[in-house]
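Q: Next up is a structure, given as structure tokens.
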Amino acid sequence: MFFYRVPAPDEAMLISGGKARGESNAPFRVVTGRGAFVMPFFRKVRFLSLHMAEAEITETCVTKQAITLKVRAVIAFKVGNDTESIVNAGQRFLSDQRQMEDLTGRIFSGHLRSIVGAMTVEEIITERQKLALEVLDASSVEMARIGLTIDSLQIQSIDDLDLGYIAALSAPHNAAVQREASIAQARADQAAAEAAQESARNQAEYVRQTSIVQARYKAEVDKAQAEAAQSGPLAQATATQEVINARTELAQREASLREQQLVAEVVKPAQAEAERVRIIAKAEAEATEIQAAAAASYDRVALDRLIIEQLPQIVKEAAGGLKGANVNILSGADGLGEMAAGLVGQGLAILDSVKKGLANDQEKPAPPNPERKKLNP
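Next up, the structure:
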């Protein structure tokens with residue numbers, strides 16, 4: 450549409466010729482970020498740039514110590530985004546927007562001279578950021594009045610116009626730096642020399658070790674060659690001896706295994722059988738002896754009983770033998786008693802003789818037992 454105007458993103462459109470909406474004190478209407486209808490002949494449109502601008506200043510200042518310094522600074526600024534700033538800047542710079550850089554430079558130059566005059570050279574050099582902040586604070590009010598805002602202020606350089614004051618201030622530090630640099634260089638040179646010496650020693654040691662290794666290698670090669678020259682018969686003899694040793698060891702192992710097998714299969718069973726026969730024979734012999742002793746004891750007891758049982762008969766027979774004899778008993782009853790007692794004593798004497806005979810028979814060695822000899826070879 451022919452009467453619809455749109456400003457660029459970094460521009461403000463100023464429409465004059467009518468009353469601004471809601472801004473009774475504004476001499477024109479401000480439009481940013483959108484378009485608007487402009488009636489021809491009744492309205493007039495102008496555009497104010499909102500892009501960032503830069504102003505560079507180089508100012509000769511006198512410090513608190515009456516030392517002249519040349520200070521160079523750069524200011525980055527632009528028109529404010531709010532309507533009031535745009536109106537203030539439009540009223541001042543719309544006809545010639547390049548004046549903003551000159552005016553900004555003059556404003557900062559004045560405040561820079563004033564603030565440098567209240568500081569020493571040492572403070573300006575060591576506290577450069579403080580100088581910039583104080584200049585910004587002092588200039589921000591005036592810049593706001595003309596519709597400009599400051600983005601940054603950088604102090605580019607400080608020069609004492611070849612007076613030598615700044616150089617004198619830096620001389621001790623420079624000397625210390627040079628001294629440290631010289632010491633560092635000396636240490637570096639010493640370290641380099643030591644490294645070179647160490648490298649030379651390492652190279653010499655490497656050469657020596659290489660020579661030793663080569664000599665050893667040559668000696669081992671010569672020895673191996675000599676052994677290889679003699680290795681034919683010697684290797685054959687060694688191999689033959691190893692075969693003989695292996696066969697001998699195998700034969701010994703087989704003999705040992707056979708011996709163990711014979712012991713397990715023949716000797717051990719034979720020993721066990723012999724031990725069994727010996728134990729049985731011994732048991733039978735002991736049983737025979739016990740039976741013989743028991744039989745002898747039984748026969749003796751039986752004989753004693755037999756004699757005792759026959760004793761009355763013996764006495765009777767003895768008395769019977771005296772029945773027809775002509776025996777005079779002179780002592781009467783006493784003599785008869787003595788005779789009876791004598792008969793009894795004779796019977797006891799006979800009994801005693803029989804016992805002794807039996808005892809002698811028992812003390813004689815028993816005849817050899819053929820069966821026992823067979824059991825106990």
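Everything in the sequence shown is counted per the working numbering, starting at 450 for the first residue and increasing by one. Idealized CB from N, CA, C, for every residue including glycine.
Just curious, the beta strand (DSSP E) that Lys527 is in, first and last residue?
A: By one-based count along the sequence shown, residue 527 stands at place 78. Thr517 to Val528 is the extent of the beta strand (DSSP E) around Lys527.
Q: Less than 8 angstroms separating the beta-carbons of Ile599 and Ile524?
A: Mapped onto the sequence shown, residue 599 falls at position 150. Mapped onto the sequence shown, residue 524 falls at position 75. Cβ distance < 8 angstroms, so Ile599 and Ile524 count as in contact.
Q: Which value, in whole angstroms, describes the spacing of the CA atoms of Val584 and Thr507?
A: Position 135 of the sequence shown, counted from the first residue, corresponds to residue 584. Position 58 of the sequence shown, counted from the first residue, corresponds to residue 507. Going from the Cα of Val584 to the Cα of Thr507 covers about 14 angstroms.
Q: By the 10 Å Cβ neighbour count, where 16 or more other Cβ atoms means buried, how is Met568 classified, buried or exposed?
A: As a working mapping, residue 568 is identified with position 119 in the sequence shown. Buried, since its Cβ has 16 or more Cβ neighbours within 10 Å.
Q: Quick one: give me the first and last residue of the alpha helix (DSSP H) that Arg562 is part of.
A: Along the sequence shown, one-based indexing puts residue 562 at 113. From DSSP, the alpha helix (DSSP H) with Arg562 extends over Gln548 to Val565.
Q: Report the three-state DSSP secondary structure of Arg483 (helix, strand or coil).
A: In the sequence shown, residue 483 corresponds to position 34, counting from 1. Residue state, collapsed to three classes: coil.
Q: Given this structure, state the Cα-to-Cα distance separating Ser660 from Ala633, to the nearest angstrom.
A: Mapped onto the sequence shown, residue 660 falls at position 211. Mapped onto the sequence shown, residue 633 falls at position 184. If you take the alpha carbons of Ser660 and Ala633, they lie about 40 angstroms apart.
Q: Below 8 angstroms between beta carbons: does that hold for Ile556 and Ser588?
A: Position 107 of the sequence shown, counting from 1, holds the residue named residue 556. Position 139 of the sequence shown, counting from 1, holds the residue named residue 588. Contact: yes.
Q: Determine the closest residue to Leu499 out of Asp531, Ser606 and Phe491, with distance taken between C-alpha atoms.
A: Residue 499 sits at position 50 when you count from the first residue of the sequence shown. For Leu499, the nearest C-alpha among the options comes from Asp531.
Q: Measure the CB-CB distance between Ile604 and Ala522 and report whether it falls below 8 angstroms.
A: Counted from its first residue, the sequence shown places residue 604 at position 155. Counted from its first residue, the sequence shown places residue 522 at position 73. It is a contact, given that the beta carbons lie within the stated cut-off.
Q: Compute the Euclidean distance between the alpha carbons of Ala704 and Glu724, then round it to the nearest angstrom.
A: One-based indexing of the sequence shown puts residue 704 at position 255. One-based indexing of the sequence shown puts residue 724 at position 275. Using only the alpha carbons, I get a separation of about 28 angstroms.
Q: Taking buried to mean at least 16 other C-beta atoms within 10 Å of its own C-beta, is Leu582 buried or exposed?
A: For this step, residue 582 is matched to residue 133 along the sequence shown. So Leu582 ends up on the exposed side.
Q: At the level of alpha carbons, what is the spacing between Met592 and Ala635?
A: Here residue 592 refers to the residue found at position 143 when the sequence shown is read from its first residue. Here residue 635 refers to the residue found at position 186 when the sequence shown is read from its first residue. The alpha-carbon atoms of Met592 and Ala635 are separated by roughly 56 angstroms.
Q: Within 10 Å of its beta-carbon, does Gly529 have 16 or more other beta-carbons around it, so buried, or fewer, so exposed?
A: Stepping through the sequence shown from its first residue, residue 529 is reached at position 80. Gly529 is buried by the Cβ-count criterion.
Q: DSSP puts Lys493 in a beta bridge; with which residues?
A: Position 44 of the sequence shown, counted from the first residue, corresponds to residue 493. Lys493 pairs with Ser465.
Q: When the distance is taken between beta carbons, is Val480 closer than 8 angstroms to Met566?
A: Position 117 of the sequence shown, counted from the start, is the residue given in the question as residue 566. Position 31 of the sequence shown, counted from the start, is the residue given in the question as residue 480. Checking the displayed sequence, the identity of residue 566 turns out to be Gly instead of Met. Taking 8 angstroms as the Cβ cut-off, Gly566 and Val480 do not qualify as a contacting pair.
Q: Are there 16 or more other CB atoms within 10 angstroms of the CB of Phe542, so buried, or fewer, so exposed?
A: What you label residue 542 is simply residue 93 of the sequence shown in a count that begins at 1. Flag for Phe542 reads buried.
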